Amino acid sequence: MMKEKSRTKQELLEENAFLKKKIRELKHAESECKRAEEAMQDSEDRFRQIFDNMADGVAICQAIDDGSDFIFVDINRKGQLSSSMGRSYSVGKRLTEVFPFVERNGLLDVFRQVWRTGEAQQHPLKAYEDRQVKQWVENYVFKLPSGLIVLIFSDTTEKHRVEEALRESEEKYRLMVENAAEVILIAQDGLLKYVNPVAVKILGYSEEMLTSMPFVELLHPEDIKKVFEAHMKIMRGEENQPIQQFRVVPSDGTVRWVDSRAVVVSWKGKPATVNFITDITERKSMEEKILSLSITDQLTGLHNRRGFLTLAQQQLKLSERNKKGVLLYFADLDLLKRINDTLGHEEGDKALIEAAKIFKETFRTSDIIARLGGDEYAVLTVDITEANSEIFTARLQTLIDIRNNQKNRRYKLSISVGSSYFNPESPCSLDELMARADKSMYEQKQNKKGLVLQSASFSSSNS
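Position 197 (the sequence shown) corresponds to 198 in my numbering; numbering is contiguous.
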């Protein structure tokens with residue numbers, strides 16, 4: 002009888018210890034959740050600053066009804082001014098409700114195609130009054146990895162009026178051309194025949210130098226072929242005022258992105274093109290920042306889970322098609338909770354950043370490296386065989402050892418790693434590949450758990 006009572010008391014003590022452990026874990030989870038919310042708010046504030054200070058109008062929409070219509074998720078300040086509508090009026094409403102004419106003018110079809118194919122499109126529009134064109138608007142539509150559709154729109158009425166002016170009379174409107182806010186070039190037989198003052202300012206060459214050089218010398222080497230092919234189509238009359246995006250290289254060697262529209266005119270009795278060029282470098286940079294914010298882990302600078310899944314899916318399809326092997330690594334920063342609890346979350350963040358640096362040094366720039374969240378990392382190595390797995394893990398451990406041997410470290414780093422191989426001859430899904438790598442990592446973590454607990458040392462000071 003006494004033996005049974007003793008056993009019951011022991012069980013109660015064990016249950017009490019278990020409950021205390023769970024309470025500590027819940028408190029830790031609550032703290033982590035709060036930190037994640039604060040980080041998310043910081044990211045949102047940065048995005049809002051970029052978004053609301055763009056020179057062009059920007060609207061973000063979400064597909065509904067299986068992509069047949071879209072609702073406004075957000076619109077920046079410039080977009081509100083350009084469209085004469087407040088954010089509170091448009092957000093949450095259908096595109097077809099706010100702009101009833103989008104189906105008639107073709108913009109709704111562009112939204113649908115971009116949402117379905119993922120390929121960006123440009124769609125110029127005209128607004129008429131008394132049967133005359135009063136406004137031109139350029140629309141650029143692209144899709145984010147999240148599935149949201151972004152519309153960038155700008156008023157190009159001045160540009161089009163300059164084009165019309167040139168058609169009517171070259172001499173009469175020369176003053177307008179010279180005072181236009183955009184680059185205007187006249188090209189004939191591959192040479193520049195006329196440049197306006199803005200071209201001189203942006204391209205950094207004198208008027209004499211520009212009008213004596215081939216146009217191709219201003220182009221980025223990678224864009225020469227496509228610009229030449231488009232130019233020939235315009236000269237043959239196969240395209241009517243197409244809008245092209247390409248890069249130019251001014252005299253200072255920087256690279257600038259431009260929008261260009263060309264029209265064929267007669268210049269001194271021979272065919273030539275008038276090229277209206279707008280610098281869109283800032284817009285391109287903003288697009289990249291918007292895209293980067295959606296796929297980048299703000300703490301480490303690595304890809305986040307969304308970015309990793311998007312890029313990894315694409316890479317597996319490419320590897321299967323090219324018959325190239327892929328290795329997926331799952332990694333876990335051991336004892337992060339203990340670092341946070343003992344030395345503080347700031348030190349825990351430093352450990353996460355240090356682990357990210359180790360992964361960057363271990364793997365190649367062509368590999369996809371990501372922090373999936375918390376203490377979990379993933380790396381997708383491309384064009385590789387299964388036998389190479391040990392090379393990378395050995396390099397990783399060497400870099401960890403180098404850091405752990407540094408003097409005055411407050412703790413020792415330990416990273417558990419598992420891997421799985423994607424064989425293009427017998428392909429599997431990304432989910433299956435990740436599950437295998439996760440299992441492999443967990444097994445390694447369990448095998449070395451005791452060793453890690455015994456060897457890890459923590460100090461509350463830098464001494």
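Glycine residues also receive a C-beta, built at the ideal position from the N, C-alpha and C atoms.
In this text the structure is predicted, and so the values were computed from the model without any measurement.
Helix, strand or coil: which one does DSSP assign to residue i?
i, result
"K446", "helix"
"S267", "strand"
"P101", "coil"
"K94", "coil"
"P251", "coil"
"D67", "helix"
"G58", "strand"
"A273", "strand"
"R262", "strand"
"I278", "strand"
"A182", "coil"
"R78", "helix"
"R237", "coil"
"N106", "coil"
"S286", "helix"
"S441", "helix"
"L452", "Because L452 carries a pLDDT of 40, less than 50, the predicted location of this residue cannot be relied on, and the following value inherits that uncertainty. In this structure, L452 counts as helix in the three-state DSSP scheme."
"N17", "helix"
If we call anything under 8 Å between Cβ atoms a contact, is residue i one with residue j?
i, j, result
"P251", "I203", "yes"
"F393", "T363", "yes"
"V138", "Q122", "no"
"L152", "V142", "yes"
"Y443", "L328", "no"
"P425", "K324", "yes"
"A371", "G308", "yes"
"A60", "I76", "yes"
"V259", "L220", "no"
"D280", "R257", "yes"
"L300", "D376", "no"
"G107", "G80", "no"
"V99", "I150", "no"
"F216", "G238", "no"
"S320", "V380", "no"
"M55", "M210", "no"
"L317", "L193", "no"
"S390", "S420", "yes"
"M236", "V275", "no"
"A231", "Q245", "yes"
"I385", "H304", "no"
"V74", "V103", "no"
"L414", "A352", "yes"
What whole-angstrom Cβ distance do residue i and residue j have, given they're in contact under 8 Å?
i, j, result
"I296", "P146", "6 Å"
"D439", "F277", "Not confirmed; about 54 Å, so no contact."
"D335", "I416", "7 Å"
"S69", "R113", "7 Å"
"V196", "A182", "With 8 Å as the limit, V196 and A182 do not qualify as a contact, their Cβ atoms being about 15 Å apart."
"K53", "R25", "The question names Lys, but residue 53 is Asp in the sequence shown. The Cβ separation is near 42 Å, so there is no contact."
"E348", "R411", "7 Å"
"L109", "C62", "The Cβ separation is near 11 Å, so there is no contact."
Using DSSP bridges, identify the partner residues of residue i.
i, result
"G374", "E377"
"T366", "Bridge partners of T366: none, in fact."
"Y195", "I187"
"R257", "V249"
"F73", "C62"
"I244", "R262"
>> For a minimum of 4 consecutive residues, which ranges assigned as the alpha helix (DSSP H) are wholly contained in the region 379-438?
In response: 390-405
> Of all the beta strand (DSSP E) runs that stay within the bounds of the region 211-235, which reach a length of 3 or more residues?
Replying inline: none
> In chain order, which continuous runs of the beta strand (DSSP E) of length 3 or greater are located wholly inside the region 110-165?
Replying inline: 126-130, 133-144 and 150-156
>> If we require 4 or more residues per run, which alpha helix (DSSP H) segments fall completely within the region 289-359?
In response: Entirely contained in the region 289-359, the alpha helix (DSSP H) runs reaching 4 residues are, in chain order, 306-323 and 337-344.
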